[in-house]
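Residue numbers (this note's numbering), protein chains in the order written: chain S, 11 to 631; chain Y, 650 to 1253; chain R, 96 to 434; chain F, 517 to 814. Cβ coordinates follow ideal geometry from the N, Cα and C atoms, glycine included.
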């Protein structure tokens, strides 16, 4: 592999070359590995990065915060997830669920998300990363949709040296970021700034341009003709219809939610609100559903003056796909969550005005994917809850109306079907983000988009020009103290409740002060540090075991090697004649460094193992 | 009377050939079928002009001990002989030099001290030696010849012995000694024989030639060699040094290795190491050395290692009396060391048994996987007896359970439990038997353990396995002599004292006392059953021994719970049969047991 | 303290008696009897009994060994005195050893007198002066064997009587020294010789001896040839000419010697630290030096000497002169030497 | 590879490598019980490496220990082991070797065991040149008995037995061994396991009495003097110009106790005790029995 290029790219802004603490000053002994065992090591040992759809190098950026290197920290983020400031607020944080610190016995997860924001908040004004693009390729790529996926893809394609045009239907870029997420969660100026930076040089943005065959619309076929490649990133902008047994008879057009006043789909409600429409809600608002949209709707309703806002969910709190903070904050703001119920119909009075909702009680059923549970209606358990406004937020789906002229293959969920590079059944037509995945999260969309961008580039150029690689660098200390492990998770400072509910705009979360950020950053185990015993130098004295904080250093006779080429279980033994090695179980290791400090033969080495993107404008052999 | 029973004491200074003369005398007598027993006394500090005394008892009947008095006393050096002049009995012969080198100062001559009851024979030995050999060095031969002539001993037998003794030396050495001998012999023919010291030809059919005069230490050495000893480690100490010296000479001839170590601790340590490695190994020492060795003996017991300790007791405690005999190390041999460290202790009572027990010691050690102490005393080590050692030794060259006796399907356990409490023993170099042994208490596999059960069980194992030694092959651990059945007095004795015991018993029986004696050859474990059976037959039991505390009596009483009469004293000399006889009489008169712990003279 | 050292040369009656008395009077003195022989003092005068079967020498001892032990009297036997230095007070033995004395008693008795003409033939003869000689003679004399006595002193005549009792033949060759210690002139010998014949002793003709030799090989018998022709054979030839004082070793010591050591009334010699008693001494004044000391007299002498040695002399005693040899009514010999 | 880049350590490769090294077969099943960090671990590994390199079968190895922290050493090795008495390792080892020259005999012990109670045996093992290897572990303290002063404790050392500080001058083991006539005298440091293993290998390979002085901390009872840190700073490599056949030069090195040099101080080749004993046997007209001869000698 072309190391020069790897280093070049590395010096393009990965923390590898970012100005760093002493132990990083010498770069001569950095290695790059594509050994599957190293990929597997990272996957196994850096659970946050593994969990992050965009593979953000979380330990690196958190460590930099601890070192008050906010610009570097922001840059590390940007490289992976393009919109750190945004994600630092509204990310669904799969990383935190995976965080080692959250593992049994280790306490609460590190506040990875908010540290991301801290990097954005605390960095020097205007200190934007300046990625150096590849030489121009002369290829033109059209990206449909300026949502998270579109922005991320466009950003990457531009860096690959292509000429990119982003076509957005709405007036403003951002997609769900702008039209879905309420301002109190994502200040619009912050959003605009990040999008502006992301869609930097080499990207043309055309807003207010709809794709379609109608008047003033641009047919997709035409785009396919004009551009070397077209990438659909339109996401899932259609609300899912609420199935109501009482109203099954009505067809699509007579969806009671759409026809009956005071009933509305939350998605539409939010989009219209952010387009600038005047929206009002009654005193009593019933929100159906427990996703982010549902939470947003409920909290907006509170801010619009509703006094009695209830989230009706089919199962219970613990099974709904929003962060704990989200629920907590909603509750603080007076939002009620009522579980184990499914709406069966709308209750109306004589003159047809809605007065309430009829529900059936549920009981918990089978587990479903993503840690959800099935809800099984209980016959004859119906009951009614009165309400003035109903907002339905049970999910979103893709819409395909914009391309009557171009047929592509869809999957059983009617999402676009694509190959490894991201190309649909139509030559040159690619798709990414929710348009392919179905309704997911922002970070999912971004992560997917960047992968597809790589694939698209490969299709265009005929060879792979970016790939993940494991960067290994000696590290002479743990950067941590055992005491850090006992720091409690730092609470996010919040806007006071009354000023929160006064208007829609003010951001509820105030963000970390530098000190708070630093304190929280200390909590990170820095899982990218690899503690290894050099078996050649080991005298099996077990001094390391003696000081180990937990059963993290083991006498082993072997290790399972998985099909993936990585390591499975360490096979422990108490039989001296079978002790092949004393080995640090990185799954257990909390990177406290105590072992390295006491080893009499200094046979415990520390190295940073990071998954980074290696690029090569010439492409890899 | 037709019995010959003559005791000759030759007294001289180192260099006078005292011991040599004694050797020739006793060997000659043995060669013509007499029973002989002899005990030489060497100077504590060899060379210098230390005193040498050679005592030989020649008898046509079996004898078990020296007589307290000599029939003939020969002085080769009056200054040393003076002290022994009273040793000659009344009307006994005293042969002494007539012509000292220089006019002797008053009081320096035996002549002046010869008791009225003695029959003095002045003899110009020096002149005669110089006349016949041009050197005064053969005075001893002159004296010996005179003795032989005076007693009408067969001249030719002496010639043969002299020739044998000087075999390997220059021819004239032998001929000159013979000449000197003849000069003395002829001189004796010229003197009128007062016909008092009687010498009679040996009884008809006394087999000649088979018996050789042998010391206890020599017999021990022969036993070791015949048992195929591989390695020997020793440190010089009187009276055991000669064992080391003789083995140092003879073992290499058979491929054996001998090492003189830096001290007794090292000696026994190496012995244990070699024993552990499968070598037939032994060391030799005396009481003070044994005291140093007890710690290692404990290890041998604990780790179940075969090794042999040849111990010759001397006067104690501490440095005590290096050149005097005593039986005061019994406690040390049987009990010495820390913990419950039972080991095998065997004690020969005569020279043949020195051979027998030294040889069997190796078998016992290997069979029972334990240290074996062969307990002699100076008197037994140094005394000569005419014994016939077997041409075909009775000893097995290998013994004990080896690795082969362990079930190969099972993982090897050095200390595995067994019906006889003896585990198969693997030795370094053997595949499949790798193990580690330790002085720490350990489990069956040898790994240290301080669990209560393990300790109790292993202690039991280490003790139980030794019971087998009481019935090992054809090795008799006790022997009874004298009257059968019920007796008035039984004498229970061990070690060299048993000789005096038999003499005393003979006399007692001659006096009509029903009397029996039992020798105990194994002191640990003690053959209690046999001893109790003996005690059942005895009206009273006497235990004579050469120590102050009555150590054997204590041992017997503690293990049988029965009372015994003690005769224990320490004079540094062998016990006097007369003292034992006196106690036998005392007990025979039905007077109760008494403790006699003073010297013989004070005893009446 | 200073213990007086008494050395008594001679293991006979005088010496032993003196020793006994010295011990009684001087418990601390160091008393040493010196003897050439091997045995303790024994009764030479009783050796005739050998022929009655009393052959064990122990039967002739005057005292058992422990007598000396108890009395603390040392008896140095097989010790031949070769020199005495009276002034230095030392006695030197043949083996070169010297012992010192404060007071010396010479009681060596007499030694066998052998005429010059017999000196060459001594080894063919037997003697009867010591137990050893007596036993040798007895062993050599076969049953009924014949003994030829040359000269014939009283001891030999006593033996002859005993031999006759046991059926031995006895012959005697008279000599001027016959009947010693009695002094009997040859001329006066007739009746006494007759008495001998009466005793069954064959009396041969006197005359000088020419030679003595083995009679014939094997038998051990001896033949005596007489200068005057003629010869006689016997199993035993026993010269018996009496004795003379054994005092040669005393010459040059300063004592006066005529025959014996001349002593005064207290048995003291010319040297004030030297005494003599018994046959070794010669009492003064002598009439021709004739002296016949029987056992009683010898014991007295020893006692007198001892008393004087310890400084407590007895008043002069009258040496009872023994009577001459005599004949009884029926012609039998009468002598103080017959017990 | 020479470059300093952190070579990734792929566990299964390591495990395979160790497996192939064959040294594990010299270990027993029992897990060592020394204090974590103890230099004895380095010694244990060094020995397993050495005997494997020299291709000595476990069954032909005998490890003799005395009392002290070394006493358990044999239990952790797959070899014939003999845990003997305090200070008596050399006599026992002598017996083992004399009994069977085929065996490789290793003696392990500490400074207390060797130079205090056992001091009297060392001169004689050395002068006799018995073909055994004495690995002396010097941590200048009694560890097993929980921290008392030893013959190599420095002046001023404060322990339970010298609460007012040790005032006895420590002895100089290397100097002693050199003057005793040991035919192989070397020094190593537990903190340098690879070099230690090499030295142990050479010591065992040497035909004759080899003495290896192993400096180590007592991690439990000595936190001040012989720590890994202090020793690590003190030790220095053997000067290149040192000639191991020069006894005086070796003594000079031995006397520099403040800058202990790691490596071979002295070696000479001369007949071993067994050689001499067999020579005696031949002179006496006997034949050394084959059963105890080294395989080579058969």
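Item	Value
Residue 441 of chain R touches chain Y at which residues, Cβ-Cβ below 9 Å?	Here chain R covers residues 96 to 434 and nothing more, so residue 441 of chain R does not appear.
Have a look at residue 775 of chain Y and residue 782 of chain Y and give me their C-alpha separation to the nearest angstrom.	10 Å
Relative to the C-alpha of residue 487 of chain S, which candidate in S:404, S:565, S:397, S:606 has its C-alpha closest?	S:606
Is the closest heavy atom of the ligand COA to the C-beta of residue 640 of chain F under 7 Å?	In the structure on display, the ligand COA does not appear, and there are no ligands present to speak of.
Alpha carbon to alpha carbon, how far is residue 206 of chain S from residue 336 of chain S? Give it in angstroms, no decimals.	28 Å
Could you work out which residues of chain F lie near residue 1225 of chain Y, taking near to mean beta carbons separated by less than 7 Å?	Within 7 Å Cβ-Cβ: nothing; residue 1225 of chain Y doesn't reach chain F, min ~42 Å.
Would you list the one or two residues that DSSP bridges to residue 4 of chain S?	Since the first residue shown for chain S is 11 and the last is 631, residue 4 of chain S is missing from the structure and cannot be characterised.
Is it the case that the Cβ atoms of residue 533 of chain S and residue 111 of chain S are separated by a distance below 8 Å?	yes
By a C-beta neighbour count over all protein chains shown, 10 Å radius and 16 as the cutoff for buried, is residue 423 of chain S buried or exposed?	exposed
Could you work out which residues of chain S lie near residue 543 of chain F, taking near to mean beta carbons separated by less than 8 Å?	586, 587, 589
Return the first residue and the last residue of the alpha helix (DSSP H) that residue 1224 of chain Y is part of.	Element bounds for residue 1224 of chain Y: n/a, residue is neither H nor E.
Any Cβ of chain F within less than 8 Å of the Cβ of residue 925 of chain Y?	yes
Starting from residue 608 of chain F and walking both ways along the beta strand (DSSP E), at which residues does that stretch end?	Careful: residue 608 of chain F lies outside any beta strand (DSSP E), inside the alpha helix (DSSP H) at 605-615.
Under 7 Å between beta-carbons, which chain F residues line up against residue 610 of chain S? List them in chain order, please.	553, 707, 744
Which residue from S:512, S:403, S:339 puts its Cα closest to that of residue 501 of chain S?	S:339
At a CB distance below 7 Å, what residues from the segment 580-608 of chain F approach chain A? Give them in sequence order.	Given the protein chain composition of this structure (S, Y, R and F), no chain A is represented.
Kindly confirm or deny that the segment 272-280 of chain R and the segment 177-190 of chain R touch, where touching means at least three C-beta pairs closer than 8 Å.	no
Determine the contact status of residue 765 of chain Y and residue 160 of chain R, defining contact as a CB-CB distance below 8 Å.	yes
Is there at least one Cβ from chain F nearer than 8 Å to residue 1050 of chain Y's Cβ?	no
Could you tell me the distance, in whole angstroms, from the CA atom of residue 564 of chain F to the CA atom of residue 1055 of chain Y?	28 Å
Give the single residue among S:629, S:228, S:76 whose Cα lies nearest to the Cα of residue 473 of chain S.	S:629
If the cut is a Cβ gap below 7 Å, which residues of chain R does residue 795 of chain Y touch?	Here the premise fails: no neighbours, minimum Cβ distance about 13 Å.
Please report the distance separating the alpha-carbon of residue 346 of chain R from that of residue 769 of chain Y.	28 Å
Using the Cβ count rule (16 or more neighbours within 10 Å means buried), how would you classify residue 1035 of chain Y?	buried
How do the segment 874-885 of chain Y and the segment 1015-1023 of chain Y stand: do at least 3 beta-carbon pairs fall below 8 Å, yes or no?	no
Within the same chain, show all residues whose beta-carbon is closer than 7 Å to that of residue 613 of chain S, passing over the 5 residues directly before and after it, in chain order.	543, 544, 547, 548
Can you tell me where the alpha helix (DSSP H) with residue 397 of chain R in it begins and where it stops?	390-404
Please list, in chain order, the chain Y residues whose beta carbon lies closer than 8 Å to that of residue 170 of chain R.	765
Please classify residue 31 of chain S: is it buried, with 16 or more other beta-carbons within 10 angstroms of its beta-carbon, or exposed?	Confidence is the limiting factor: at residue 31 of chain S the pLDDT is only 36, short of 50, which leaves the residue's position unreliable, though a coordinate-based value still follows. Under this definition residue 31 of chain S is an exposed residue.
Buried or exposed for residue 1222 of chain Y, going by 16 or more other Cβ atoms inside 10 Å?	buried
Let's test the definition: count the other Cβ atoms within 10 Å of the Cβ of residue 708 of chain Y and tell me whether it reaches 16, buried, or not, exposed.	buried
Sort S:559, S:229, S:166 by Cα distance to residue 179 of chain S and report the nearest one.	S:229
So which residues on chain F does residue 882 of chain Y lean against when the C-beta distance must stay under 9 Å?	607, 610, 611, 614
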